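Written out below as C-alpha cells is the structure these notes cover.
In our numbering, the protein residues as written are 446 to 785.
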C-alpha cells in the first residue's frame with residue numbers, strides 16, 4: 446500500500462514508515478528556513494537540529510538557521526518531544542504543511558529518525574526543492590537494525606568511517622558490528638595490530654561520534670576460528686589447534702583464553718557504553734582435530750559440540766564479568782548435539 450502512495454508522492458523512503466497519509470499542497474522552504482527547538486531541548490535534540498541544518502545546507506542547498514522560535518511568514522521545521530505519547534520507543538510523527546514541518550519524537554532517537562525521514566522526503570521541482578504535504582507515523586519493528594562491517598582485509602580512513610556512520614543513520618541503522626581483527630592497535634599485544642591500525646583513543650572518538658547518530662558500535666574480535674591475524678605470530682604458534690595452521694585456537698589451553706581475553710578487554714575499553722561484544726566463533730573447521738594438544742581425544746569424549754560449548758561458556762562468562770553481553774555467529778551450536 447505504501448509503495449503506491451510513495452510512487453504517487455514521487456519520493457523514496459527507506460525503510461518505509463508504518464503509516465503515511467497524503468495531504469494537499471507542498472512545502473517549499475524558499476530561500477531561508479528556520480529549524481525551531483523548544484526551550485526544553487537537550488543536547489541530543491540540539492545535535493539533531495544542527496545535523497539536520499548541515500545536511501539541508503549541503504545536500505538541498507537551503508539557507509538554514511537553528512532558532513528558539515519561528516518568525517512570522519518564514520518557513521520552519523519544528524522539532525519537539527511528545528512526552529507521554531502513545532508512540533513506541535524510537536517512534537516519531539512527521540506532519541508536512543505548506544508553511545511548516547512538525548517532527549515529534551517519543552525520545553531522542555525517535556526525533557532524530559524523524560529528521561532522517563525529512564531529508565529523504567525532498568523532491569526536485571521547477572520551483573525548487575519541495576516536500577509533498579503528508580502525515581507520517583513511524584516506529585521500528587526491530588530493536589537492533591544492524592550492519593556487519595568487516596575490515597579484516599582493508600581499512601578505511603577515520604573520515605571514511607564517520608561518513609559511513611552518517612549514511613547508516615540515514616537509513617535508521619542503529620548498530621554497527623565492526624569486525625576489527627588486526628585493525629585495532631592493541632596495547633597489551635602490539636604485535637597483533639596491523640600498521641596504521643586505529644588507536645583505542647580513535648575508536649573511542651568514533652564510538653562517541655556514532656552515539657550522536659544513535660548508532661551503537663559493537664566490536665567483533667574473532668575467537669576460536671578466523672584468528673590467523675593472531676596465531677601467525679611466532680610467539681603465539683603454540684596456541685594453535687593444528688601446528689601447521691594459524692586458523693584456530695586450541696580451546697583446551699588456558700593461554701588461549703588469557704590472550705583472547707586481553708584482546709577482548711581492549712576492544713571493550715575502546716568502545717565505552719556499548720552493550721555487546723561479538724566474539725565471532727564461526728567456521729571452526731579444525732575444532733577437535735588437534736592430536737598434539739589433546740583436542741581430538743577430548744572431542745572423542747564430549748564431541749566437537751562439547752568443545753564449542755566449553756569455549757562459549759568460558760568466553761561468555763568473561764564478557765559478562767565486564768558488564769556486557771556476548772554475541773556470536775549463529776552457526777555456533779546453541780543446543781547440545783554434535784556437528785561435523
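The C-beta atom is built at its ideal place from N, Cα and C for all residues, glycine as well. None of the values given here were measured: they were computed from a predicted structure.
Item: Between residue 646 and residue 594, what straight-line distance do the alpha-carbon atoms span, to the nearest angstrom?; Value: 20 Å
Item: Taking only the alpha-carbon atoms, compute the straight-line gap between residue 490 and residue 701 and give it to the nearest angstrom.; Value: 45 Å
Item: On the DSSP letters alone, give me the boundaries of the beta strand (DSSP E) that residue 623 sits inside.; Value: 620-624
Item: DSSP three-state label for residue 714, please.; Value: helix
Item: Using C-beta distances below 7 Å, list every residue in its chain close to residue 682, excluding the 5 sequence neighbours before and after it, in chain order.; Value: 676
Item: With 16 as the cutoff for other CB atoms within 10 Å, does residue 589 come out buried or exposed?; Value: exposed
Item: Tell me the rounded alpha-carbon separation between residue 608 and residue 561.; Value: 15 Å
Item: Have a look at the DSSP bridge pairing and note the partners of residue 508.; Value: 477
Item: For residue 449, I'd like the list of residues in its chain whose CB is within less than 6 Å of its CB, leaving aside the five on either flank, ordered along the chain.; Value: none
Item: Check whether the segment 703-722 touches the segment 755-769, taking contact to mean three or more Cβ pairs, one atom from each stretch, closer than 8 Å.; Value: yes
Item: What residue range is occupied by the uninterrupted alpha helix (DSSP H) comprising residue 763?; Value: 740-766
Item: To the nearest angstrom, report how far apart residue 447 and residue 579 are at their CA atoms.; Value: 12 Å
Item: If contacts are defined as beta-carbon pairs under 8 Å, then residue 648 and residue 629 qualify, I think. What distance do you get, rounded to the angstrom?; Value: 6 Å
Item: How many Å lie between residue 532 and residue 550 at the Cα?; Value: 8 Å
Item: Quick one: give me the first and last residue of the alpha helix (DSSP H) that residue 607 is part of.; Value: 603-615
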